[in-house]
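Scroll down for the structure; my scribbles are underneath it.
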Amino acid sequence: MYDYHEPDAVEEETRRKQLSKTAIFTIELVLILVLLSVVGMYIITYHRTDLNLFLIKFDTWGITTVGRAEQQRLQVIRRLDIPIEQRQALSDNTIFIGANKTMVMLAIGEPVKVSQTEESLDRWIYQLGDRTRPIILYFEADELIRAEKGSNLDVINIE
1 MYDYHEPDAV EEETRRKQLS KTAIFTIELV LILVLLSVVG MYIITYHRTD LNLFLIKFDT
61 WGITTVGRAE QQRLQVIRRL DIPIEQRQAL SDNTIFIGAN KTMVMLAIGE PVKVSQTEES
121 LDRWIYQLGD RTRPIILYFE ADELIRAEKG SNLDVINIE
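Right, dumping it as structure tokens:
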């Protein structure tokens with residue numbers, strides 16, 4: 001007939017230990033995933049600028065949106081018909097006297113405010129990163145002729 005035997009105590013204890021190890025591993029895995037999600041949301045919410053800088057630095061293939069935009073920016077800079085030193089400066093987010101408006105926007109982005117001076121110069125105001133003082137650029141026609149740091153009074157005028 002059918003030989004049925006109940007599991008002995010050793011088999012039962014072994015099975016119980018395996019189940020408890022599996023349960024502990026599952027709980028640990030879930031806790032790690034929850035912790036990573038919370039840390040990720042915190043970084044995205046409160047440190048977006050740092051995250052973007054990190055992605056720009058390490059996303060060399062353009063996998064993320066930020067990395068893709070940086071790769072496109074660098075491709076446009078490489079195609080400019082200017083000396084290699086100027087292309088390198090623009091790639092490093094540096095501007096120089098004599099750059100045109102397109103070059104400046106490729107290097108440091110869109111200005112916060114654009115206006116005209118009494119001498120009919122275009123004045124572009126930038127508030128870059130965590131700096132408290134704005135950077136003011138002056139263009140004659142399409143060429144950067146002067147750059148200066150503003151004061152805290154200029155910050156009030158921007159807002």
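Residues 1 to 159 (this note's numbering) make up the sequence shown, in order. We put the CB at the ideal spot given by N, CA and C, even for glycine.
{"query": "Quick one: residues in its chain with C-beta nearer than 6 Å to the C-beta of Gln127, no 5 flanking neighbours on either side, listed in chain order?", "result": "Val112 and Pro134"}
{"query": "Taking the beta carbon of Ile84 as the centre, do at least 16 other beta carbons fall within 10 Å, making it buried, or is it exposed?", "result": "exposed"}
{"query": "Which same chain residues end up closer than 8 Å to Ile97 when comparing Cβ atoms and leaving out the 5 residues on each side of it in sequence?", "result": "Leu144, Ile145, Arg146 and Ala147"}
{"query": "Could you give the DSSP three-state label for Asn100: helix, strand or coil?", "result": "strand"}
{"query": "Pull up the CB-CB distance for Ile56 and Gly40, whole angstroms please, since I reckon it's below 8 Å.", "result": "Actually they do not touch by this definition, with Cβ atoms about 18 Å apart."}
{"query": "What are the start and end residues of the alpha helix (DSSP H) that includes Ala89?", "result": "Ile84 to Ser91"}
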